[in-house]
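Colleague: Residue numbering for the sequence shown follows my numbering, beginning at 193 and increasing consecutively. This structure is in C-alpha coordinates; I'll ask about it shortly.
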Amino acid sequence: MTLDDLELFFTGSYQLSQAISYLGEMLDDNNSLSLAFLKEEPGIVRFEVKSRHIKSKIYKCYIHYDVDDVGLDAIKGYCCSCANGLRTIGCCSHVAALVYHLSYGRYLSKIIRPSEVLTNVFDINNVCPVIDEDSDED
193 MTLDDLELFF TGSYQLSQAI SYLGEMLDDN NSLSLAFLKE EPGIVRFEVK
243 SRHIKSKIYK CYIHYDVDDV GLDAIKGYCC SCANGLRTIG CCSHVAALVY
293 HLSYGRYLSK IIRPSEVLTN VFDINNVCPV IDEDSDED
(Lines of atoms letter the chains of each structure in order from A; the text may use other names.)
(Lines give C-alpha, C1' and ligand atoms only; values in the text may rest on other atoms or scores of the structure.)
Protein backbone atom coordinates (compact mmCIF):
# COMPACT_ATOMS: atom_id res chain seq x y z
CA MET A 193 0.00 0.00 0.00
CA THR A 194 1.06 3.56 -0.54
CA LEU A 195 1.01 6.27 2.12
CA ASP A 196 -2.08 7.70 0.39
CA ASP A 197 -3.82 4.31 0.71
CA LEU A 198 -2.89 4.14 4.38
CA GLU A 199 -4.14 7.66 5.03
CA LEU A 200 -7.43 6.74 3.36
CA PHE A 201 -7.70 3.54 5.41
CA PHE A 202 -6.91 5.41 8.64
CA THR A 203 -9.33 8.23 7.68
CA GLY A 204 -6.66 10.90 7.99
CA SER A 205 -3.06 11.74 8.70
CA TYR A 206 -3.44 11.84 12.50
CA GLN A 207 -4.03 8.09 12.72
CA LEU A 208 -1.06 7.51 10.42
CA SER A 209 1.24 9.47 12.75
CA GLN A 210 -0.19 7.56 15.74
CA ALA A 211 0.44 4.26 13.94
CA ILE A 212 4.10 5.12 13.38
CA SER A 213 4.49 6.18 17.01
CA TYR A 214 2.85 3.01 18.35
CA LEU A 215 4.89 0.85 15.99
CA GLY A 216 8.10 2.41 17.29
CA GLU A 217 7.18 1.19 20.77
CA MET A 218 6.17 -2.30 19.59
CA LEU A 219 9.37 -3.15 17.72
CA ASP A 220 12.14 -5.09 19.38
CA ASP A 221 15.83 -4.15 19.15
CA ASN A 222 16.07 -5.75 15.69
CA ASN A 223 13.15 -3.64 14.35
CA SER A 224 10.88 -6.68 14.11
CA LEU A 225 7.54 -7.80 15.54
CA SER A 226 6.49 -11.24 16.67
CA LEU A 227 3.21 -11.97 14.90
CA ALA A 228 1.08 -15.09 15.22
CA PHE A 229 -0.72 -16.48 12.19
CA LEU A 230 -3.71 -18.63 13.08
CA LYS A 231 -3.36 -22.10 11.54
CA GLU A 232 -7.09 -22.81 11.81
CA GLU A 233 -7.98 -19.60 9.99
CA PRO A 234 -5.68 -18.73 7.10
CA GLY A 235 -5.63 -15.04 6.35
CA ILE A 236 -5.85 -13.91 9.98
CA VAL A 237 -2.92 -12.42 11.84
CA ARG A 238 -2.99 -11.94 15.61
CA PHE A 239 -0.84 -9.68 17.71
CA GLU A 240 -0.71 -8.76 21.39
CA VAL A 241 -0.01 -5.12 22.18
CA LYS A 242 0.98 -3.69 25.56
CA SER A 243 -1.03 -0.65 26.60
CA ARG A 244 0.75 2.70 26.63
CA HIS A 245 -1.23 3.80 29.66
CA ILE A 246 -1.69 0.68 31.83
CA LYS A 247 1.47 -1.45 31.93
CA SER A 248 -0.31 -4.65 32.97
CA LYS A 249 -2.93 -4.37 30.20
CA ILE A 250 -2.44 -6.33 26.97
CA TYR A 251 -4.73 -5.91 23.96
CA LYS A 252 -5.34 -8.58 21.33
CA CYS A 253 -5.53 -7.40 17.74
CA TYR A 254 -6.77 -9.41 14.76
CA ILE A 255 -6.54 -8.52 11.09
CA HIS A 256 -8.39 -10.55 8.47
CA TYR A 257 -6.86 -10.27 5.01
CA ASP A 258 -7.12 -11.91 1.59
CA VAL A 259 -3.77 -13.22 0.38
CA ASP A 260 -4.90 -12.93 -3.25
CA ASP A 261 -5.76 -9.22 -3.04
CA VAL A 262 -3.50 -6.18 -2.82
CA GLY A 263 -3.89 -2.70 -1.39
CA LEU A 264 -6.94 -1.62 0.57
CA ASP A 265 -9.05 -4.45 -0.90
CA ALA A 266 -6.84 -7.04 0.82
CA ILE A 267 -7.99 -6.02 4.32
CA LYS A 268 -11.32 -7.69 4.97
CA GLY A 269 -11.72 -6.86 8.65
CA TYR A 270 -9.99 -6.07 11.92
CA CYS A 271 -10.68 -5.78 15.62
CA CYS A 272 -8.88 -5.08 18.87
CA SER A 273 -9.81 -5.70 22.49
CA CYS A 274 -9.07 -2.05 23.43
CA ALA A 275 -11.88 0.44 24.08
CA ASN A 276 -11.73 1.77 20.50
CA GLY A 277 -11.02 -1.57 18.86
CA LEU A 278 -14.43 -2.12 17.28
CA ARG A 279 -14.80 1.22 15.50
CA THR A 280 -17.02 1.19 12.43
CA ILE A 281 -15.10 4.06 10.80
CA GLY A 282 -11.33 3.91 10.89
CA CYS A 283 -9.46 1.73 13.36
CA CYS A 284 -7.68 1.98 16.69
CA SER A 285 -3.99 2.90 16.88
CA HIS A 286 -2.98 -0.70 17.66
CA VAL A 287 -4.54 -2.05 14.44
CA ALA A 288 -3.24 0.98 12.54
CA ALA A 289 0.32 0.23 13.69
CA LEU A 290 0.05 -3.38 12.52
CA VAL A 291 -1.46 -2.47 9.15
CA TYR A 292 1.23 0.18 8.66
CA HIS A 293 4.00 -2.27 9.52
CA LEU A 294 2.71 -5.15 7.40
CA SER A 295 1.89 -3.05 4.35
CA TYR A 296 4.55 -0.33 4.38
CA GLY A 297 6.82 0.00 7.41
CA ARG A 298 8.58 -3.34 7.14
CA TYR A 299 10.04 -2.29 3.79
CA LEU A 300 11.72 0.76 5.30
CA SER A 301 15.34 0.52 6.39
CA LYS A 302 14.52 1.81 9.88
CA ILE A 303 11.54 2.96 11.93
CA ILE A 304 12.46 5.82 14.25
CA ARG A 305 11.12 5.35 17.76
CA PRO A 306 9.49 8.33 19.49
CA SER A 307 12.10 8.47 22.26
CA GLU A 308 14.96 8.20 19.78
CA VAL A 309 14.37 11.73 18.52
CA LEU A 310 14.59 13.18 22.04
CA THR A 311 17.62 11.06 22.88
CA ASN A 312 19.46 12.55 19.91
CA VAL A 313 18.44 16.09 20.88
CA PHE A 314 19.96 15.73 24.33
CA ASP A 315 23.00 13.71 23.25
CA ILE A 316 26.15 15.30 24.71
CA ASN A 317 28.06 14.57 21.48
CA ASN A 318 25.59 16.67 19.47
CA VAL A 319 26.06 19.82 21.56
CA CYS A 320 27.46 22.73 19.58
CA PRO A 321 30.80 23.99 20.87
CA VAL A 322 31.03 27.46 22.35
CA ILE A 323 32.04 30.03 19.75
CA ASP A 324 35.17 31.90 20.82
CA GLU A 325 34.80 34.73 18.32
CA ASP A 326 33.11 38.03 19.03
CA SER A 327 30.02 38.50 16.89
CA ASP A 328 30.03 42.31 17.23
CA GLU A 329 32.19 42.59 14.11
CA ASP A 330 29.28 41.51 11.90
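We put the beta carbon where it would ideally sit given N, CA and C, even for glycine.
Grab the span of the alpha helix (DSSP H) containing Gly362 for me, first residue to last.
Modeller: Outside the shown range of the chain (193 to 330) lies residue 362, about which nothing can therefore be said.
Colleague: Which residues does DSSP pair with Tyr299 in a beta bridge?
Modeller: On the sequence shown, position 107 is the one that residue 299 refers to. According to DSSP, Tyr299 shares a beta bridge with no other residue.
Colleague: Is the beta carbon of Gly269 closer than 9 angstroms to that of Ile281?
Modeller: Residue mapping note: residue 281 aligns to position 89 of the sequence shown, counting from 1. Residue mapping note: residue 269 aligns to position 77 of the sequence shown, counting from 1. No, the Cβ-Cβ distance between Ile281 and Gly269 is not below 9 angstroms.
Colleague: Going by alpha carbons, who is nearest to Leu200 out of Glu232, Glu233, Leu290, Cys283?
Modeller: Against the sequence shown, residue 200 aligns to sequence position 8. For Leu200, the nearest C-alpha among the options comes from Cys283.
Colleague: Is the separation between the beta-carbon of Phe202 and that of Ala288 shorter than 9 angstroms?
Modeller: Taking the first residue of the sequence shown as position 1, residue 202 is located at position 10. Taking the first residue of the sequence shown as position 1, residue 288 is located at position 96. Cβ distance < 9 angstroms, so Phe202 and Ala288 count as in contact.
Colleague: Quick one: is Tyr292 buried, meaning 16 or more other Cβ sit within 10 Å of its Cβ, or exposed?
Modeller: The residue given as residue 292 occupies position 100 in the sequence shown. The residue in question, Tyr292, is buried, as its Cβ has 16 or more Cβ neighbours within 10 Å.
Colleague: For Ala266, tell me which candidate among His286, Gly235, Gly277 has the shortest Cα-Cα distance.
Modeller: Working through the sequence shown from its first residue, we reach residue 266 at position 74. The candidate whose alpha carbon is nearest that of Ala266 is Gly235.
Colleague: Within 10 angstroms of its Cβ, does Val241 collect 16 or more other Cβ (buried), or is it exposed?
Modeller: As a first step, residue 241 is located in the sequence shown; it is residue number 49 there, counting from the start. Burial call: buried.
Colleague: Identify whether Val259 lies in helix, strand or coil by the three-state DSSP scheme.
Modeller: As a position in the sequence shown, residue 259 is number 67, starting the count at 1. It is coil, neither helix nor strand.
Colleague: According to DSSP, is Ile250 helix, strand or coil?
Modeller: Taking the first residue of the sequence shown as 1, we reach residue 250 at position 58. Three-state DSSP puts Ile250 in a strand.
Colleague: Going by other Cβ atoms of all chains shown within 10 Å of its Cβ, with 16 needed for buried, is His245 buried or exposed?
Modeller: Along the sequence shown, read from residue 1 onward, the residue named residue 245 stands at position 53. His245 comes out exposed.
Colleague: Which residue from Tyr257, Cys271, Lys231 puts its Cα closest to that of Ser295?
Modeller: By 1-based counting over the sequence shown, the position of residue 295 is 103. Per the Cα distances, Tyr257.
Colleague: Looking at the structure shown, is Phe239 part of a helix, part of a strand, or coil, going by DSSP?
Modeller: In the sequence shown, counting from the first residue as 1, residue 239 sits at position 47. Collapsing the DSSP output to three states places Phe239 in a strand.
Colleague: Since I believe Tyr251 is in contact with Cys274 (beta carbons under 8 angstroms), could you give me their beta-carbon distance rounded to a whole number of angstroms?
Modeller: Here residue 274 refers to the residue found at position 82 of the sequence shown. Here residue 251 refers to the residue found at position 59 of the sequence shown. 5 angstroms between Cβ atoms; contact.
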